C-alpha cells in the first residue's frame, strides 16, 4: 500500500512530516485527484496492540466519520494495512494555542468569533450525543482562513499517551470540578466548563487556574477560585461567571450560551442553522455530482446511488475512491479551488473509467455482491482503560442501561483517571472475553493493594516521613514514581567504626488489573560516608536496600491497621 519511495501512500502524495508521537507520525500530503491538502495520521498497529489502544482507535474512527461540521476536523477515509492505520484528515496548519502565545490576549471581537465557532461545533457534537471532554487550545486548530477546527476526539492521547501510571498526557487546567473530584456527570456540562476556561484564556492571555502544586490546582478548580481582570468587558465577565460554576446543575448550558447577549454580537446567521448542516442531512450536492460525472465518466444517477450506497456491482475500492473524491471536491469547490481541481481531475483515474465501461458492458451484476458502507452507530461506553495490562477488544454493544451521552476518551492526567477509578464511574460498555497470552512469570519486589491509588501514594509518603527518608518532589508528568534517599548510620561491630550510608530507592505504583495495584521497590544506588557513589551496575550488598524496603513495608502495615 505504501510506495517504496515512501512519498506515496495510496492516493496521497506525501510532502513532509508535521509531527511525531509515540504512536506514529502525522504527515502533510496531497490527494492526487483533487490536489487537496490533507493530514495523514499514521498509527503503528504493533504499538496499539502493546498498549491496548486498538479498540479506542476503532471507536474514535466511528465518531469522526459521523461528525460533519465546518468547525470540526473532517475524517475523509481510513487506510489500513498489516503495519499501520492511516487516518486521512482535513488539514489545518495552526493551533489556537500557538496563536495566543504569539499574539498574547486576543481582542474581544476576535475571541468572540473563535468562541462562537467553538460553541457551534460543541452544540453539534452534543446533539449527536458526543462529548469531547478534552477541549483546550492545543486541540483547537486554525485553517488557512483563520477559522476554528476542533480536533483530536481522543486522538490526542492516542498520539502521545503512554503507560497509565507513568506518563501524563494533557493538562488538568481545563478539567471541570466534577471531573477531578470523580463525581458522576452526564457529559455536556464538562465541555461547557472547558469552553469557559478557553474563553478566559483568549480574553486574558493566561489560565484562570494555574498552580505548580497539583493539590493546590485541584483546590482552586474545585472551588472556582479565580480572578477576572478589569479590562474584560462586563458582558464577557458575566458569561464567564455563568460558565465557571462549580455545581454543574447551576452551570449555564450550551443553548443558554447561544442566547447570551455578549455571545450574539456579530453572530453569523448561518452558524447555528435550525436543521442539520448539509453534510449531515444526507443531501447530495448537485454541482459536485455534475463535476465528478464529467471527470470520472459515471452517470449522475449512478454517482448519486454510489453516494447513497444504493448501486450494486461496483468494486468497493472504487466506491470509496469516488466518495473520497466527492468529499474533497466539495470542500475544494467551497474554497474556490475549482481551477486546481480541473487540472488534477483531468489526470484522474483511467481505472475508474475502464471499470465503468466494463460494468455497463456486463450489466449491473448481482445485487448480493453490492458493497455498502455500514451505518455508523453511536455506541455507549464508559471511561476507557488507559493502562496496558489487559489487551481487551471492545465488542459490540449489547443491552445496557439507557444513556443519553457517550463519553469520549480524554487526555487528563493520571490523577483524573485515578479519581474516576475510585468513584466507580459507570461502565456500560460490555467487553468480549480475552484469551490470555502465555508469558514468562514476572517477579516484583513489593506489595499489592486494592486501595485507591492516591490513598496508596499518600500512605507511602507518610511512612517515608516517619522513617526519616527524603524524596524528590513529584512532578505532574510522573506522579506515581517516588525517588527516595534514606540515610542511616550502621552500628559499629568487631572494632569497625560506624558507617554512614545513603540508600537510594525508586518506588513505583503499577496497575496489574482492575482495582489491583502493585507498589514496586527498586534499588537505585547508594553512597557511603566517603562520598563514593555506586549505581545499580556496581557490585554491592543488597542488605541496606532490603532493610530499607522491609522497614517501609512494616511501617505501611502498621499504618494500615491504625
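In full-length UniProt numbering, the protein residues as written are 1 to 562.
Idealized CB from N, CA, C, for every residue including glycine.
All values reported here derive from a predicted model rather than from experimental measurement.
Residue 244 sits close to residue 226, with the two beta carbons spaced by under 8 Å.
Residue 87 is bridged by DSSP to 41 and 78. Residue 173 has its alpha-carbon roughly 11 Å from the corresponding atom of residue 216. Cα atoms of residue 117 and residue 201: separation of roughly 16 Å, rounded to the nearest angstrom.
In the structure shown, the three-state DSSP call for residue 11 is coil. Between the alpha carbons of residue 224 and residue 92 lies a gap of roughly 33 Å. Residue pairing by DSSP places residue 124 opposite no residue, since no beta bridge is assigned to it. Residue 241: member of the alpha helix (DSSP H) spanning 234–243, first to last residue. Under the three-state reduction of DSSP output, residue 246 falls in the coil class, being neither helix nor strand.
Its chain contains 25 and 27 as the residues whose beta carbon lies nearer than 6 Å to that of residue 17, once the 5 sequence neighbours on both sides are disregarded; these appear in chain order. Restricting attention to 115, 459, 34 and 518, the CA atom closest to the CA of residue 267 is found in 115. In the structure shown, the three-state DSSP call for residue 524 is strand. The three-state secondary structure of residue 139, taken from DSSP, is helix.
Look at residue 29 here: in three-state DSSP terms it is strand. Restricting attention to 70, 60, 145 and 71, the CA atom closest to the CA of residue 77 is found in 60. The region 128–147 makes contact with the region 190–198; the number of CB pairs closer than 8 Å reaches 3 or more. For residue 261, the three-state secondary structure derived from DSSP is helix. Counting only residues of its own chain and dropping the five nearest sequence neighbours on each side, residue 140 has a CB closer than 8 Å to the CB of 95, 96, 97, 114, 118, 148, 149, 150, 151 and 198.
A distance of 8 Å or more separates the beta carbons of residue 221 and residue 231. In the structure shown, residue 448 falls within a strand segment according to DSSP collapsed to helix, strand and coil. Look at residue 110 here: in three-state DSSP terms it is helix.
In this structure, DSSP gives residue 66 a helical state, which the three-state scheme calls helix.
In the displayed model, residue 178 falls within a helix according to three-state DSSP. DSSP places residue 300 in no beta strand (DSSP E) but in the uninterrupted alpha helix (DSSP H) bounded by 300–307. Under the three-state reduction of DSSP, residue 220 is assigned to helix. Nearest in C-alpha terms to residue 36, of all of 265, 88, 289 and 459, is 88. In this structure, residue 228 and residue 237 form a Cβ contact; the two beta carbons are roughly 5 Å apart against a cut-off of 8 Å.
Around the beta carbon of residue 543, a 10 Å sphere encloses fewer than 16 other beta carbons of the protein chains shown; the residue is thus reported as exposed. For residue 129, no alpha helix (DSSP H) segment is defined, and its DSSP state is neither H nor E. Annotated three-state conformation of residue 510 is strand, per DSSP.
With respect to residue 79, residue 73 sits apart: the two C-beta atoms are not nearer than 8 Å. Non-local beta-carbon contacts of residue 516 in its own chain, meaning distances under 7 Å to residues more than five positions away in sequence, involve 448 and 450 in chain order. Nearest Cα to residue 12 within the set 32, 502 and 153: 32.
Taking all protein chains in view, the Cβ of residue 234 is surrounded by fewer than 16 other Cβ atoms within 10 Å, so the residue is classified as exposed. Sequence-distant Cβ neighbours of residue 261 in its own chain, meaning closer than 7 Å and more than five residues away, are 235. Shown here, residue 475 sits in a strand according to DSSP, grouped into three states.
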